[in-house]
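Its first residue numbered 1, the sequence shown is counted upward by one per residue in this note's numbering. Heads up, the beta-carbon is just placed ideally off N, CA and C, and yes, glycines get one too.
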Amino acid sequence: MELSITILTRRKNGSIGRREETKTCEAFRIGRDTKDELFLSDHRIPYNLATLRPGEDGFFIEAESDHDLRLNEKIVQKAHVNIGDIIGIGPYELRLVEPEDGIDLAVTVELIHPVGDDVEELLSRSNLSINNTGFSKRALSWTLGLSILVLFLVLPILDGTYNVFRSPVPTQNEENQANTMFTKNEVTFDFSWHTGEVMDAHKFFANDCEACHTKPFIMVEDQACLTCHQETHAHFDVLQFTNPDLNSTRCASCHTDHQGPEPLRASQQALCSDCHTNLEAKAEGTKLINASDFGLNHPQFKPTVWVDTSAGKQARISLDETPKENSNLKFPHDVHLIAERMRNPSTGKQQQLDCASCHVPDMSKQFFKPVNMEEHCGDCHVLSFDPNKPERVVPHASAATVQREVKEYFSDLALSGNIDEKAAPASLRRRPGSQLTKTQRLEALEWANEKTEQATKYLFSASQCGVCHQLQRKSDKTADYRVEPVRVTNIWQPLSVFNHEAHADASCKSCHAAEQSSTSSDVLLPKIESCRDCHGGQLTSDKIPSTCISCHIFHNDKLTLMSPTTGQK
């Protein structure tokens, strides 16, 4: 949000001085910490006093720890605030005023109760000074400065470079012990430079500091990381987006070492919002929409759907536009979830289906296996074609395979004989093994072709394959049947990560309105508002704090590898 802070100062002549500054922040922090948006140096103010953040119903202020605030002369620890409210902060008074255009929040700050002359009076009565120690300020400064220089610069360099103060090389048994970056029970002068334990993955070269720290007193450069991590992919297309500011972020800005055995990855959303708050300024021509906070500033979800299956074309469409998927598949979810409409042909009993009847998690537990006709549909949708032998079915395959299967079946019957069908020619109702004359063979072939055409028309009718599939027929010839290819989206949002297992405590219908869906073209994904019922941005206090990397991955496997020579991202 855009924040305007105006500091008011009352002069002795009665006039009021004004010093105004504008800041961009996610939350308005108040206290004596220099990192706070409103830094108050008065010693009567705690380091972290309170935080004022935007919400759906305006602004909300909350005191940190057990501190108190005064809102319109009432003691509170947290409350909703509006324009015109006066918040007492120790000796200061903070007032919310009407913001100008382009400003989300405007406040004025005034010191109401100055410290007075108490501090000066105490200092005047004090007899303690540096002169009483026998050292002059100059001598004491030089002594301390040289001591620091020798202890923390000269001696560590001598010890680390020339091993001046180190013990002899350890034995093999000592080398096989846990790597602690220095010999056991030995404290060296360069110990003051050690920032902490190396992560487990880096301990095999923990004593080789130069592997990462290639230049003295220079932070670890990306080239050092990419020397080993050569399979790391870029974050964006470096050929399309050439702004040098995009390459200013170092690997170590997110991946820090010397913080313990487990690898650490920075999760602050500010690392992403620095660029994504105003993408056009750094990535001109990008199709991505600005985002800085999941709860306050994030675009609507844009799933990837099939828009033209014949051309193999997919598109990302916002859920606000109610996208429709052209999958060439017919499937009404609502009908299949009504027990009275579902009857198993083999048992004759009603069968209650639920989401898990068809949607089975894969090994990752994040996504689902593709729906399989034989496994999930075949119990009810039986592909039989001969009423005399209902147990005989065709495979769920291409139109050509189905037609060949049917033709081979009836051809075999015609040649074998013993057909129990009154309408069949007498030559086909003969005893098995009898020899056929040429005329009888022609009769058998004609009968087989006729039965094949009848069965094929039945299979490719609206009551069989046409129940689920889009069918095409160029002419009256049976061989011209064609089933339009089915394209069903497997991963709706490939630019994000969603773990279904982590949400297993929620019911499917709390997010997916399958019971109200009558066509397979419906995209049954929840909008962002549904996720915001539980999730908020990093600084939220009444929901699950969720940063960018909760759902997004920085390194994109579909892009080129990062360059070890340039460190391009």
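Could you tell me which of Ala399, Pro303 and Ile87 sits nearest to Ser496, measuring between CA atoms? The shortest C-alpha separation from Ser496 is found at Pro303.
Rounded to whole angstroms, what is the Cα-Cα separation between Arg125 and Pro114? The straight-line gap from Cα to Cα measures roughly 21 Å.
Measure the beta-carbon distance from His336 to Val467 and round it to whole angstroms, keeping in mind my assumption that it falls under 8 Å. About 12 Å separates the two Cβ atoms, so there is no contact after all.
If you draw a straight line from the alpha carbon of Val576 to that of Val394, how long is it in whole angstroms? Examination of residue 576 is not possible in this model, given that the chain is present from 1 through 569 alone.
Are the stretch 73 to 85 and the stretch 52 to 62 in contact at 8 Å, needing three or more beta carbon pairs? When C-beta atoms of the stretch 73 to 85 are compared with those of the stretch 52 to 62, three or more pairs fall below 8 Å, so the two segments count as touching.
Near the ligand COA: Pro99 beta-carbon under 8 Å from a heavy atom: The ligand COA is not among the ligands present in this structure, which contains no ligands whatsoever.
Leu561 by DSSP, collapsed to three states: which one? It is a strand residue.
Is the distance from the Cβ of Ser273 to the Cβ of Ala291 below 9 Å? The Cβ-Cβ distance between Ser273 and Ala291 falls below 9 Å.
Between which two residues does the beta strand (DSSP E) containing Glu62 stretch? Per DSSP, the unbroken beta strand (DSSP E) holding Glu62 starts and ends at Gly58 to Ala63.
Taking the straight line between their C-alpha atoms, what separation do you get for Cys275 and Lys35? CA-CA distance, Cys275 to Lys35, rounds to 21 Å.
Helix, strand or coil, according to DSSP, for Glu20 in the structure here? Glu20 falls in the strand class under three-state DSSP.
Consult DSSP for Gln464 and reduce its assignment to one of helix, strand or coil. Coil, per DSSP.
If Gly537 and Ile544 are in contact, beta carbons under 8 Å, what's the gap, nearest whole angstrom? Incorrect: roughly 10 Å between the Cβ atoms, too far for contact.
Among Glu325, Pro156 and Thr195, nearest to Thr309 - alpha-carbon criterion: Closest option to Thr309, judged by alpha-carbon separation, among Glu325, Pro156 and Thr195: Glu325.
CA-to-CA distance, Trp492 to Gly312, given in whole angstroms: Rounded to the nearest whole angstrom, the CA to CA distance from Gly312 to Trp492 is 16 Å.
Would you mind working out which of Val154, Cys25, Asp33 and Phe39 sits nearest Leu105, comparing C-alpha positions? Considering only Val154, Cys25, Asp33 and Phe39, the residue with the shortest C-alpha distance to Leu105 is Cys25.
Environment of Pro323 [buried if 16+ CB atoms lie within 10 Å]: Label assigned to Pro323: buried.
Which of the three DSSP states is assigned to Leu383 in this structure? DSSP places Leu383 in coil when its eight states are reduced to three.
Quick check on DSSP: helix, strand or coil for Leu3? In the structure shown, Leu3 falls within a strand segment according to DSSP collapsed to helix, strand and coil.
Within 10 angstroms of the Cβ of Arg570, are there 16 or more other Cβ atoms? Answer buried if so, exposed if not. No answer is possible for residue 570: it lies beyond the span of the chain, which begins at 1 and ends at 569.
In the DSSP assignment, the beta strand (DSSP E) including Trp306 goes from what residue to what residue? Annotation for Trp306: the continuous beta strand (DSSP E) segment containing it runs Thr304 to Asp308.
How big is the Cα-Cα spacing for Leu226 and Asp293? Their Cα atoms are separated by approximately 30 Å.
Close beta carbons around Pro345, own chain, < 8 Å, minus the five adjacent residues each side: Asp379, Cys380 and Val382.
Hey, could you find the ends of the beta strand (DSSP E) Thr108 is sitting in? Counting along the chain, Thr108 sits inside the beta strand (DSSP E) bounded by residues Leu105 to Leu111.
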